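Heads up, the thing below is written out as structure tokens.
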Amino acid sequence: MKLMAWSDHFVTGIAPVDAQHHALVDMINAVAPSLALGEEEARRVVAPLLDKLVHYADVHFKFEEALMARTQVLPEYLAQHHRTHQAFVTEVLQMRQQYEESGTLSGKELLQFLISWLTFHILSEDKRMAAQVQAIGAGETPAQAYAALSPVGGAPNAVYNDALIDLFSLLSERNRALVQANQQLLAAQAELEVANCSLESRVRTRTQELSQANAALLQERQALQASMEQLARIQSQLLQSEKMAAVGQLAAGVAHEINNPIGFVSANLNTLAQYAGQLLALIDLSRQLSSHLAPEPKQILDSALYKAEFDYLRQDLPDLIRESKQGLARVTRIVSDLRDFSAGDDGPLQPTDLNQLLEAALQAVAPQLQGKAEVVRELAPSALAICRDGSMGQVLANLISNAVQAMTEPGRITLRSGVAPNEAWVEVSDTGCGMSEDVQKRIFEPFYTTKPVGQGTGLGLSLAWEIIQRHHGHIQVSSAPGAGTTFRISLPRAP
1 MKLMAWSDHF VTGIAPVDAQ HHALVDMINA VAPSLALGEE EARRVVAPLL
51 DKLVHYADVH FKFEEALMAR TQVLPEYLAQ HHRTHQAFVT EVLQMRQQYE
101 ESGTLSGKEL LQFLISWLTF HILSEDKRMA AQVQAIGAGE TPAQAYAALS
151 PVGGAPNAVY NDALIDLFSL LSERNRALVQ ANQQLLAAQA ELEVANCSLE
201 SRVRTRTQEL SQANAALLQE RQALQASMEQ LARIQSQLLQ SEKMAAVGQL
251 AAGVAHEINN PIGFVSANLN TLAQYAGQLL ALIDLSRQLS SHLAPEPKQI
301 LDSALYKAEF DYLRQDLPDL IRESKQGLAR VTRIVSDLRD FSAGDDGPLQ
351 PTDLNQLLEA ALQAVAPQLQ GKAEVVRELA PSALAICRDG SMGQVLANLI
401 SNAVQAMTEP GRITLRSGVA PNEAWVEVSD TGCGMSEDVQ KRIFEPFYTT
451 KPVGQGTGLG LSLAWEIIQR HHGHIQVSSA PGAGTTFRIS LPRAP
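Given below as structure tokens:
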């Protein structure tokens, strides 16, 4: 049953206008049940309906106003009709804005507005517009056509009465239909109660089947996820291994080529410092003896020393030599790291207590710990692993040193150890500044460092990664900015 029945009372006599009116009536009938049932159901159709109304108004109003302009109805009547159209558009746009901002709009109010506007706009404004268009088409002037409609006599009232009669007839018919529908509903409810008994049993059975299928699917998904994660780890390890191999070859060549020049540069720099000291002492002596010279030679000597800025040179030359030695020492350290990076294994694999390696590493970096970090031990009674104690001790000392350097104020370093069925592990945790995810992705890359220039080579963690790979182990990092950092090394467990 439709809410609004199209009847001859709505016909204007202009076919395109009537078709557009009819389309609007169909549009309202399509959404009327949803708008009238309640807010939840109305919310589903409000937004699409408002969009359709905006489009309808654009097409329909432009057509009517173009028709009136071609027919040359009175300008004041065209303006009045345009204002009526504009009022409808404004109301619809305000409703859409309200719905977009608050998500709420009464479906019943929207339905009431559309029915009222459609009924009285067609029966009043559009009927009058059509009458004028047809009269002008029959030969009347626009003024005559408009004047003929100005007196509101009994004809429009008769139209309204007929429309109301149709509406009451429609309501009566709907009431009869509702009574019949209610009877059918009661019968359907009785059938539904009978069907529910068997349906509940089938639902329970189907639910159990779905639960079992879902559990199996979840297991398969977890297994697939684990396989994908393992594949990603293997790919990452292969890529890192290839990268380390290439860097190792480069490091070996670079260290060999640079080592010899560094040797004679270091020797020459020490000799140069000695020569500079002797020259400065000789010039000082000449200045002391210049007092015994005649005035003219003494003036020449003093002028030469002044032009050469001897006092500045005397102060700056030792600083330059000292900075050069520091730079050379850093180059020497880099070359040493490169040689360590490219070096092979430094001894046989053997059972080694990781707790003892931690204690030895602590002793090696003890001067760095003074006043900067408290050391907390959470060690297992024994943590025997298969490793080379020399290289693994170097790795642990480097991790503890990095932990100290990560602290901008006194903090805590926690050393842990433990065993699992097939591995022994150690952890070095600090309460330092922590690292972002982007930094964690790159910390094992050769030459990558977050330290200021001159304070790190960027090879410590990449060398640690390479050493641990040679031991068939793995290293993991867990960190966050401001939350400290934990490195965990896992190695094959000794039997």
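Last residue of the sequence shown: 495 in my numbering, with the numbers rising by one and none dropped.
Quick reminder that beta carbons are idealized off the backbone N, C-alpha and C, glycines included.
Here the structure is a predicted model, which means the values were calculated and not measured.
Please state whether DSSP places Gly482 in a helix, a strand or coil. coil
Which of the three DSSP states, helix, strand or coil, is assigned to Cys387? strand
What first and last residue would you give for the alpha helix (DSSP H) that runs through Thr90? 75-102
His474 - partner residues in DSSP beta bridges: Ser490
Going by DSSP, what residue range makes up the beta strand (DSSP E) through Trp425? In the DSSP annotation of this structure, the continuous segment of the beta strand (DSSP E) that includes Trp425 starts and ends at 423-430.
Can you tell me the Cβ-Cβ gap for Ala397 and Val428, rounded? I've got them flagged as a contact below 8 Å. About 10 Å separates the two Cβ atoms, so there is no contact after all.
Residues of its chain near Gln505, where Cβ-Cβ distance is below 8 Å and the 5 sequence neighbours each way are ignored: The displayed coordinates of the chain run from 1 to 495. Any statement about residue 505 would go beyond what the structure contains.
Nearest-angstrom Cα distance between Pro261 and Ile283? One C-alpha to the other measures close to 32 Å.
Measuring CA to CA, which of Gly418, Lys372, Arg377 is closest to Glu409? Lys372
Report the rounded CA-to-CA distance for Arg322 versus Leu231, giving the unit in angstroms. Approximately 52 Å, taken between the alpha carbons.
Own chain residues within Cβ distance below 6 Å of Ser490, not counting five before or after: Glu423, Trp425, Gly473, His474
Cβ shell of Lys325 (< 7 Å), same chain only, five flanking positions each side left out: For Lys325, where only same-chain residues beyond five positions count, the Cβ hits under 7 Å are Leu269.
Please state whether the Cβ-Cβ distance between Val419 and Arg488 is less than 8 Å. no
From which residue to which residue does the beta strand (DSSP E) around Asp302 run? Unbroken run through Asp302 is the alpha helix (DSSP H), 295-307; no beta strand (DSSP E).
Sorted by chain position, which residues of the same chain lie with C-beta nearer than 8 Å to Leu317's C-beta, five sequence neighbours on each side aside? Ala276, Leu280
Starting from the Cα of Pro16, find the closest Cα among Tyr56, Phe63, Ser34 and give me that residue. Of the residues Tyr56, Phe63, Ser34, the one whose Cα lies closest to the Cα of Pro16 is Phe63.
CA-to-CA distance, Leu224 to Asn402, given in whole angstroms: Rounded to whole angstroms, Asn402 to Leu224 spans 37 Å at the Cα level.
Using only CA atoms, which one of Glu445, Ala130, Leu53, Gln80 lies nearest to Leu498? Because the chain is modelled from 1 through 495, residue 498 falls outside the range shown and cannot be assessed.
Just to check my reading of the structure: Val73 and Gln20 have Cβ atoms closer than 8 Å, yes? What is that Cβ distance to the nearest angstrom? About 18 Å; that fails the 8 Å criterion.
Rounded C-alpha distance that separates Leu442 from Leu217: Strictly speaking, residue 442 in this sequence is Arg, with Leu absent from that position. Between Arg442 and Leu217, the C-alpha separation is close to 36 Å.
Assign Cys197 to buried or exposed, taking buried as 16 or more other Cβ atoms, counted over all protein chains shown, within 10 Å of its Cβ. Per the 10 Å Cβ criterion, exposed.
Do the CB positions of Met4 and Leu50 come within less than 8 Å of each other? no
Indicate whether the contact test is met: 3 or more Cβ pairs, each with one atom in the stretch 75-87 and one in the stretch 23-36, closer than 8 Å. no
So Leu349 and Ile400 are supposed to be a Cβ contact under 8 Å. How far apart are they, rounded? No, Leu349 and Ile400 are not in contact; Cβ-Cβ is about 23 Å, not under 8 Å.
Suppose you measure from the CA of Ile300 to the CA of Tyr306; what does that come to, to the nearest Å? 10 Å
How is the alpha helix (DSSP H) around Leu349 delimited, first residue to last? Unbroken run through Leu349: none, as it is neither H nor E.
In the DSSP assignment, the beta strand (DSSP E) including Leu415 goes from what residue to what residue? 411-419
Tell me whether the beta-carbon of Gly432 lies closer than 8 Å to the beta-carbon of Met407. For Gly432 and Met407, yes; Cβs fall inside 8 Å.
Span of the alpha helix (DSSP H), counted from its first residue to its last, around Ala361: 354-364
I believe Leu415 touches Val477 by the beta-carbon criterion, under 8 Å. Please report the beta-carbon distance rounded to the nearest angstrom. So it is not a contact: roughly 16 Å between Cβ atoms.
Collapsed DSSP secondary structure at Glu200 in the structure displayed: helix
Where Phe168 falls, given that 16 or more other Cβ within 10 Å makes a residue buried: With a pLDDT of 36 at Phe168, under the threshold of 50, the modelled position of this residue cannot be trusted, and the question is left open.
Nearest to Leu497 by CA position, among Val89, Gly13, Tyr77, Pro297, is which residue? Any property of residue 497 remains undetermined from this structure, which presents the chain solely from 1 to 495.
Could you pull the DSSP bridge partners for Glu437 from this structure? In DSSP, Glu437 forms no bridge with anything.
Through-space distance from Thr449 to Gly482, alpha-carbon basis: 18 Å
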